[in-house]
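J.: I'd like to ask some things about the structure below.
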Amino acid sequence: MLRRKRRIIWRYGIAVLTVAIALLSKLLLNYWSGQLRETPFLLFFAAIMATSYYGGVGPGILAVVLSSFLGGYFFLTPAKSSFSSDPWTNIQLVIFLVEGLFLVSLIHFLKTYRRNTQIISQKLLLSEDKSRQNQDLLHLIANSLPVCISYIDSQQRYQFINKTYNTWFGFSPEEIYGKHLVEVVGEAAYQIIKDKVERALAGNLVEYEAELPYREGGTRYINAILVPDIAEDGLVRGYCGLVIDISDRKQAELEIKQLNENLEQKVKERTIQLQEVNRELEAFTYTVSHDLRAPLRAMQGLAQALQEDYSSYLDETGQEYTKRIVTAAARMDTLILDLLAYSRLGRSEIWLQRLSLDSAIAEVLKELQPEIQVAQAHITIESPLPIVKAHRTILVQVLINLISNAIKFVTAGVQPQVRIRAEERVGEEGVQGGQGGQVSNLSSLSPHTPPTSPPPHLPISPPPHRPISSKTSTCKKWVRLWVEDNGIGIANQHQERIFRTFERLHGIESYPGTGIGLAIIKRGIERMGGGVGVESQLGQGSRFWIELPQGDSSSK
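Numbering of the sequence shown is given in full-length UniProt numbering, commencing with residue 1 and proceeding in unit increments.
This is the structure we're talking about:
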């Protein structure tokens, strides 16, 4: 308030000061020259201009009024008279008032125009820079994916290929742009996919597998998706092609088939054993593949939306699509490297860095949003949460598994209630379990101190059990993150078993899953030097916890 008053005094003080300077200057000039009537308001115009520029419209109008009064009083005939009977004198005064007000308006207009021009220029520069960044990001995403990506226009000519496509066919982007599809894939392959291409250019989403011949000889098995690019007027401008080489998979299938045929000639017992192994392998492959296709389908759907607006600058929705494509692509890569190859998780290189649990959980909830909406789950987070030291990809996957399980494993017809909270622990205190708590004001509650009574929607947990895994880090300060639910609970005798690979307590028809999720949680947390555990009673909900080193520098 005080600053505002000072600002007003300063602005209107400029008007008084500049008019006073103009008056004194005019008096001195008239004293030296002895003439009063020549250009009586000239210096006052300068005062009005300066006031309007530095003070604004209000002070400018004040300067016009003061200049009119003082100029008329001192310099118009008769001098030192507020009013004159001379019409010409009054006309001069009116003209000065009009010119002064016009000058104030003109300066205000010019200042506003200049300011708006600067703002528009800055926005244009930011927009151009953002557009370049988005374009670079789009190319980075496309070139990072282990998928052949291309864009074919309505004339079946190439307009875009990514790095994988370039490597696959041996053409540089400059060599392939503008070429017809048949010139790149060859006549034999083109005849196989011609009808699929025509269906895509007719506006249909096409997915197929095919064996295509090389231009130089040999064949490839591919899985392809053709996504039509449909304009707002309904015309198909082209399509985006996503192609995956499945030759190794097909070759493996052929080898297995041949092996089975050969083994059928052996003794019946060995044949039955081999068939059982094959059935288990196929069941495993099908289940894992089904789970891993979800992020791939998300990536493909968003890629379609992105391609529809590819030629224009990305708006906020387009930026959101781009971010989600990055997330889905990263998730696909980590699922392939970290989840399917479970044994490799123990050998993979881990980079621990300071991570915000709030940020990680926000990313997880965004990833699980469809699942949350379908289940109508209610999730409570006692934020802010502490900083931890962790490998981001593994931590996000661990949280996805924990929260997804909390939503999934509930009695039919019961709304899932999930609470997420954290607390600090020192030394080996974390291995002794924890306690529940009532939340009255989540935004003001310290995340490091557990509440004192259980929330109304969560069960009272049983006495704490020993942890499933022990911490391997020598860190002195820890953060224990709790994920509590009102689900079906886990019997005491099964609480260690559930963390083993492919262990399931329920039929897949009741609760879908592969049985590897909790094993990945345990392995991932152990690789980051932390611990994991559970407190639960059958039919009374569960409280899973993970412990990680605190991310503050003082925790070292």
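Note that the Cβ used here is the ideal one computed from N, Cα and C, for glycine as well.
From what residue to what residue does the beta strand (DSSP E) around residue 533 run?
T.: Where residue 533 is concerned, the enclosing beta strand (DSSP E) stretches over 531-536.
J.: With a threshold of 16 other CB atoms inside 10 Å of the CB of residue 235, please say whether the residue is buried or exposed.
T.: The residue in question, residue 235, is exposed, as its Cβ has fewer than 16 Cβ neighbours within 10 Å.
J.: Measuring alpha carbon to alpha carbon, tell me which of 71, 57, 32, 1 ends up nearest residue 40.
T.: Of the listed residues, the one whose Cα sits closest to residue 40 is 71.
J.: Based on DSSP bridge pairs, tell me the residues matched to residue 242.
T.: According to DSSP, which records beta bridges pairwise, residue 242 is partnered with 149, 225.
J.: Nearest to residue 205 by alpha carbon, out of 220, 238, 269, 424?
T.: For residue 205, the nearest C-alpha among the options comes from 238.
J.: The beta strand (DSSP E) with residue 354 in it runs from where to where?
T.: From DSSP, the beta strand (DSSP E) with residue 354 extends over 353-356.
J.: Return the chain-ordered list of same chain residues with a C-beta closer than 7 Å to the C-beta of residue 499, the five sequence neighbours on each side being excluded.
T.: Around residue 499: 468, 518, 519, 522.
J.: Could you name each continuous alpha helix (DSSP H) segment of 4 residues or more that falls completely within the stretch 165-221, going from the start of the chain to the end?
T.: Correct list: 173-176, 181-185, 187-201.
J.: Can you tell me the Cα-Cα spacing of residue 557 and residue 59, whole angstroms?
T.: Not covered by the structure: residue 557. The range shown for the chain is 1 to 556.
J.: Measuring straight from C-alpha to C-alpha, what distance separates residue 423 and residue 138?
T.: Each residue's alpha carbon lies about 40 Å from the other.
J.: At what residues does the beta strand (DSSP E) containing residue 75 begin and finish?
T.: Element bounds for residue 75: not the beta strand (DSSP E) but the alpha helix (DSSP H), 57-75.
J.: Which residue's Cα is closest to the Cα of residue 188: 227, 166, 219?
T.: Cα-wise, what sits closest to residue 188 is 219.
J.: In this structure, does DSSP put residue 108 in helix, strand or coil?
T.: Here residue 108 sits in helix by DSSP.
J.: Thinking C-alpha only, which one of 542, 484, 135, 426 is nearest residue 549?
T.: When each option's Cα is compared against that of residue 549, the closest is 426.
J.: Look at residue 240 and residue 151 and say whether their C-beta atoms are less than 7 Å apart.
T.: In this structure, residue 151 lies closer than 7 Å to residue 240 by Cβ.
J.: Using the C-alpha atoms, what's the distance from residue 116 back to residue 110?
T.: Going from the Cα of residue 110 to the Cα of residue 116 covers about 10 Å.
J.: Can at least three beta-carbon pairs, one atom from the stretch 115-134 and one from the stretch 54-68, be found at a separation below 8 Å?
T.: Contact between the stretch 115-134 and the stretch 54-68 is absent, because fewer than three Cβ pairs lie under 8 Å.
J.: Roughly how many angstroms lie between the CA atoms of residue 24 and residue 18, to the nearest whole one?
T.: About 10 Å.
J.: Can you give me the start and stop residues for the beta strand (DSSP E) that residue 379 sits inside?
T.: Where residue 379 is concerned, the enclosing beta strand (DSSP E) stretches over 378-381.
J.: Using three-state DSSP, classify residue 448 as helix, strand or coil.
T.: Interpretation of residue 448 is limited by its pLDDT of 36, a score under 50 that renders its predicted location unreliable; no figure is taken from the coordinates.
J.: Determine, using beta-carbon pairs with one atom in the stretch 350-360 and one in the stretch 375-385, whether at least three such pairs fall under 8 Å.
T.: Output reads yes: the stretch 375-385 touches the stretch 350-360.
J.: If you drop the 5 nearest sequence neighbours on each side, which residues of the same chain put their C-beta closer than 7 Å to that of residue 56?
T.: Only 11 meet the Cβ criterion.
J.: Would you tell me roughly how many angstroms separate the C-alpha atoms of residue 198 and residue 524, rounded to the nearest one?
T.: Approximately 47 Å between the Cα atoms of the pair.
J.: Compute the distance between the beta-carbons of residue 22 and residue 50, then report whether it is under 7 Å.
T.: No.
J.: In its own chain, which residues sit with a C-beta less than 7 Å from the C-beta of residue 539, not counting the 5 before and 5 after it?
T.: Excluding residues within five positions, the ones whose Cβ falls inside 7 Å are 488, 489.
J.: Which value, in whole angstroms, describes the spacing of the CA atoms of residue 168 and residue 254?
T.: Rounded to the nearest angstrom, the two C-alpha atoms are 23 Å apart.
J.: Among 317, 143, 530, 480, which has the Cα closest to the Cα of residue 543?
T.: It is 480 whose Cα lies nearest to the Cα of residue 543.
J.: Return the bridge partner residues of residue 236 from the DSSP annotation.
T.: Answer is 230, bridged to residue 236.
J.: Can you tell me whether residue 538 sits near the ligand FAD, meaning its C-beta is under 6 Å from at least one heavy atom of the ligand?
T.: The ligand FAD is not part of the structure shown, which contains no ligands of any sort.
J.: Along the chain, where does the beta strand (DSSP E) containing residue 484 start, and where does it finish?
T.: Its beta strand (DSSP E) spans residues 477-485.
J.: Which of the three DSSP states, helix, strand or coil, is assigned to residue 285?
T.: Because residue 285 carries a pLDDT of 49, less than 50, the predicted location of this residue cannot be relied on, and no value is offered for it.
J.: Can you give me the C-alpha to C-alpha distance between residue 415 and residue 397, rounded to a whole angstrom?
T.: Using only the alpha carbons, I get a separation of about 24 Å.
J.: Using a threshold of 7 Å, state whether the C-beta atoms of residue 377 and residue 407 are closer than that.
T.: A contact, by the Cβ cut-off of 7 Å.
J.: Can you check DSSP and say which residues form a bridge with residue 549?
T.: Answer is 478, bridged to residue 549.
J.: Would you check if the stretch 152-161 and the stretch 126-138 touch, i.e. whether three or more CB-CB distances between them fall below 8 Å?
T.: Segments in contact, no.
J.: Straight-line CA distance for residue 130 to residue 324?
T.: Computed Cα separation, rounded: 17 Å.
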